[in-house]
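Residue numbers (this note's numbering): 1 to 509.
The following block contains the structure:
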């Protein structure tokens, strides 16, 4: 395996051998064990199954039964495991949205405590502090409940060649009265000036989308997907709520990336969970922001405005398919939010029609609600969670540690671009990919500090996600206005919280 990894690792050759030998030795008591592993079928976990699964079994003698599924199916399985305590799987590969649920119900293994009890399991170069955004998988005491496997940031992807074309720039300024810049340049200008008017805002996004929408040329301002599906819940929760600045700012002196929670209004869905960890609601009446002016503008953008600048196929796609369409159709000015799962594995490939011309910027922002320390962008670290009901916890830890080891993290992410380790992100081989990946790393140098995921106290995520999804689907079918959809979703979330005994309940995570 060391030969297969070669020099594509942050470890020296001697360190690499030492790390791999650890897995061979530590696994001796568990050889012949079969682990049941389920995961969300996104590029990072698929790569791990295809490229690391066989190596893990060869090195450790531990067999793995892999089950790929949708994100929502991993949620349903997690709910079932917590309810039945049957250990229906040993590990689940999922993103950090569910972390509060696992910690609150103690349905995931406390890895910090496991390693205190079984120190012989700890790899020599384990280094959990090297995990980027480690807090996203930790409880309030810093105990680790999952091992980060890969991370997708989120932002705006756009056709740099369209935005910088001199003829287009001249025509745009003549029509709108201001200079057409790239989203990255606008955002950088605002960093310097401190003025949101200089930024890549929703108003500018609307102008740009309108300007590039030319059905006769089969060119479109943007692309999205509104076919009924799970994304009707998570695309607001994971992305658009940060574009429209629904959460409170990070504490003074801190950036969103540096904290696990934000109060009093947090993300997703602009729900109030106050400084005392008491749950209130999503509506302005309960201290939330989902039906605020910004929340109404959020739903209006997705379900009304942006669809004016998309081809009819937007009604036939979900958001995942829209990501692929941006790459393979090559006829859209920008997409926002865009998840970086596709940054390295799709956009720069030979089949992509935007190879060499795409670039990344941060999310656009809704100026009336803007604050320099509010979340702007979604950090979505996915990782391996060990079921607390598994009979194979030690073998499961070795699996998770192997998949996330410094031995393989660089090699994995030279293909995926989804690093979760600071050592990989700073490595020259990784940094050399920046231009190929549309200056993704350059953008993150400036704006990663504003990224934030699902709040570590959002224990209700698996219950509210399908609720928000179903209300969104129903509203779209009824052709409701965006403002009314925001009010409806906020009202239904408030009702669920009260009906199910969570209203004004204090939680401990």
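Cβ coordinates follow ideal geometry from the N, Cα and C atoms, glycine included.
### Query
Looking at C-alpha atoms only, which residue of 78, 121, 381 and 116 is the closest neighbour of residue 107?
Here residue 107 refers to the residue found at position 107 when the chain shown is read from its first residue. The shortest C-alpha separation from residue 107 is found at 78.
#### Entry: Given residue 176 as reference, the closest of 210, 190 and 194 once Cα atoms are compared
Along the chain shown, read from residue 1 onward, the residue named residue 176 stands at position 176. Of the listed residues, the one whose Cα sits closest to residue 176 is 210.
#### Entry: Per DSSP, the bridge partner or partners of residue 156
Numbered from 1 along the chain shown, position 156 holds the residue referred to as residue 156. DSSP, once it has assigned bridges, lists 361 as partnering residue 156.
### Query
Among all the DSSP beta bridges, which residues are the ones paired with residue 151?
Residue mapping note: residue 151 aligns to position 151 of the chain shown, counting from 1. DSSP, once it has assigned bridges, lists 381 as partnering residue 151.
### As assigned by DSSP and simplified to three states, the class of residue 387
Residue numbering aside, residue 387 sits at position 387 when the chain shown is read from its first letter. In this structure, residue 387 counts as strand in the three-state DSSP scheme.
### Query
In its own chain, which residues sit with a C-beta less than 6 Å from the C-beta of residue 279, not counting the 5 before and 5 after it?
Translated into the one-based positions of the chain shown, residue 279 becomes position 279. Taken in chain order, the residues that qualify are 273, 502 and 505.
### Task
Would you list, in sequence order, the uninterrupted alpha helix (DSSP H) runs of no fewer than 4 residues that lie entirely inside the segment 449–474?
none
#### Entry: For residue 361 and residue 183, believed in contact at Cβ under 8 Å, the rounded distance
In the chain shown, residue 183 corresponds to position 183, counting from 1. In the chain shown, residue 361 corresponds to position 361, counting from 1. Indeed they touch by this definition, with Cβ atoms about 3 Å apart.
### Query
Is DSSP giving residue 397 helix, strand or coil here?
Within the chain shown, the letter at position 397 stands for residue 397. In the three-state reduction of the DSSP assignment, residue 397 falls in the helix class, which pools H, G and I.
### residue 193 burial status per 10 Å Cβ neighbour count (16 or more: buried)
By one-based count along the chain shown, residue 193 stands at place 193. Result: exposed.
### Task
Kindly provide the ranges of any alpha helix (DSSP H) runs that are 4 or more residues long and lie completely inside the segment 109–136, ordered along the chain.
111–117
### Query
Helix or strand or just coil, what does DSSP make of residue 63?
Position 63 of the chain shown, counting from 1, holds the residue named residue 63. The DSSP-derived three-state label of residue 63 is strand.
### Query
For residue 220, which beta-bridge partners are listed by DSSP?
Counting from one through the chain shown, the residue named residue 220 turns up at place 220. In the DSSP output, where bridge partners are listed per residue, residue 220 has 332.
#### Entry: Three-way DSSP call (helix, strand, coil) for residue 74 in this model
Position 74 of the chain shown, counted from the first residue, corresponds to residue 74. Three-state result, residue 74: helix.
### Task
Tell me whether residue 76 is buried or exposed, calling it buried when 16 or more other Cβ atoms sit within 10 Å of its Cβ.
One-based indexing of the chain shown puts residue 76 at position 76. A residue is called buried once 16 or more other Cβ atoms fall within 10 Å of its Cβ, and residue 76, having fewer, is exposed.
### Task
Flag residue 497 as yes when its Cβ comes closer than 8 Å to any non-hydrogen atom of the ligand ADP, and as no otherwise.
The ligand ADP is absent from the structure shown, which contains no ligands of any kind.
### Query
Going by Cα to Cα distance, which pick from 277, 449 and 65 is closest to residue 88?
Reading the chain shown from its first residue, position 88 is the one you call residue 88. Nearest option by C-alpha distance: 65.
### Message
Can you give me the C-alpha to C-alpha distance between residue 185 and residue 317, rounded to a whole angstrom?
### Response
Translated into positions along the chain shown, residue 185 becomes position 185. Translated into positions along the chain shown, residue 317 becomes position 317. Taking the straight line from one Cα to the other gives about 30 Å.
### Query
Among the residues of its own chain, which have a CB less than 6 Å from the CB of residue 289, if the five just before and after it don't count?
The sequence position of residue 289 within the chain shown is 289, counting from 1. Contacts found: 246, 265, 270 and 295.
### Query
Looking at the structure shown, is residue 311 part of a helix, part of a strand, or coil, going by DSSP?
Taking the first residue of the chain shown as 1, we reach residue 311 at position 311. Reduced to three states, the DSSP call for residue 311 is coil.
### Message
So, under 8 Å CB-CB, residue 466 and residue 101 are touching, yes? Tell me the CB distance rounded to an integer number of Å.
### Response
Reading the chain shown from its first residue, position 466 is the one you call residue 466. Reading the chain shown from its first residue, position 101 is the one you call residue 101. Rounded, the Cβ-Cβ distance is 14 Å, inconsistent with contact.
### Query
When you compare only the Cα positions, how much space is there between residue 383 and residue 73?
Here residue 383 refers to the residue found at position 383 when the chain shown is read from its first residue. Here residue 73 refers to the residue found at position 73 when the chain shown is read from its first residue. Residue 383 and residue 73 have their C-alpha atoms some 16 Å from each other.
### Message
Here's a check: name, in chain order, each residue in its chain whose Cβ is nearer than 6 Å to the Cβ of residue 430, leaving out the five neighbours to either side.
### Response
Taking the first residue of the chain shown as position 1, residue 430 is located at position 430. Counting only residues of its own chain and dropping the five nearest sequence neighbours on each side, residue 430 has a CB closer than 6 Å to the CB of 424.
#### Entry: Inter-residue CB distance, residue 261 and residue 380 (contact presumed, cutoff 8 Å)
Residue mapping note: residue 261 aligns to position 261 of the chain shown, counting from 1. Residue mapping note: residue 380 aligns to position 380 of the chain shown, counting from 1. Incorrect: roughly 17 Å between the Cβ atoms, too far for contact.
### Query
Can you name, in chain order, every residue of its own chain whose Cβ lies under 6 Å from the Cβ of residue 140, other than the five neighbours on each side?
In the chain shown, counting from the first residue as 1, residue 140 sits at position 140. The answer, listed in chain order, is 509.
### Query
Going by DSSP, which residues form a beta bridge with residue 214?
Locating residue 214 in the chain shown gives position 214, where the first residue counts as 1. Beta-bridge pairing links residue 214 to 219.
### Query
Is the segment 433–448 touching the segment 247–254 in the sense that three or more CB pairs, one from each, lie closer than 8 Å?
Contact fails between the segment 247–254 and the segment 433–448, because fewer than three Cβ pairs, one in each stretch, are under 8 Å apart.
### Query
DSSP three-state call for residue 167: helix, strand or coil?
On the chain shown, position 167 is the one that residue 167 refers to. Taken through DSSP and simplified to helix, strand or coil, residue 167 comes out as helix.
### Message
If you follow the beta strand (DSSP E) that residue 36 is in, where does it begin and where does it stop?
### Response
By 1-based counting over the chain shown, the position of residue 36 is 36. In the DSSP annotation of this structure, the continuous segment of the beta strand (DSSP E) that includes residue 36 starts and ends at 34–40.
### Task
Output the boundary residues of the beta strand (DSSP E) element that contains residue 91.
Position 91 of the chain shown holds residue 91. Note, residue 91: beta strand (DSSP E), 91–95.
### Message
I need the straight-line Cα distance from residue 126 to residue 16, nearest angstrom please.
### Response
Locating residue 126 in the chain shown gives position 126, where the first residue counts as 1. Locating residue 16 in the chain shown gives position 16, where the first residue counts as 1. About 12 Å.
#### Entry: CB contact flag (residue 134, residue 256, <9 Å)
What you label residue 134 is simply residue 134 of the chain shown in a count that begins at 1. What you label residue 256 is simply residue 256 of the chain shown in a count that begins at 1. Cβ distance not < 9 Å, so residue 134 and residue 256 don't count as in contact.
### Query
What does DSSP give as the partner residues of residue 69 in its beta bridges?
Walking along the chain shown from the start, residue 69 turns up at place 69. Residue 69 is bridged to 40.
### Task
Enumerate, from N- to C-terminal direction, the unbroken alpha helix (DSSP H) stretches of 4 or more residues contained entirely within the segment 255–321.
293–300
### Query
Should residue 162 go down as buried or exposed, given a rule of 16 or more other Cβ atoms within 10 Å for buried?
For this step, residue 162 is matched to residue 162 along the chain shown. Its Cβ being crowded by 16 or more others within 10 Å, residue 162 is buried.
### Query
Is the segment 31–39 touching the segment 431–445, taking contact as three or more C-beta pairs under 8 Å?
no
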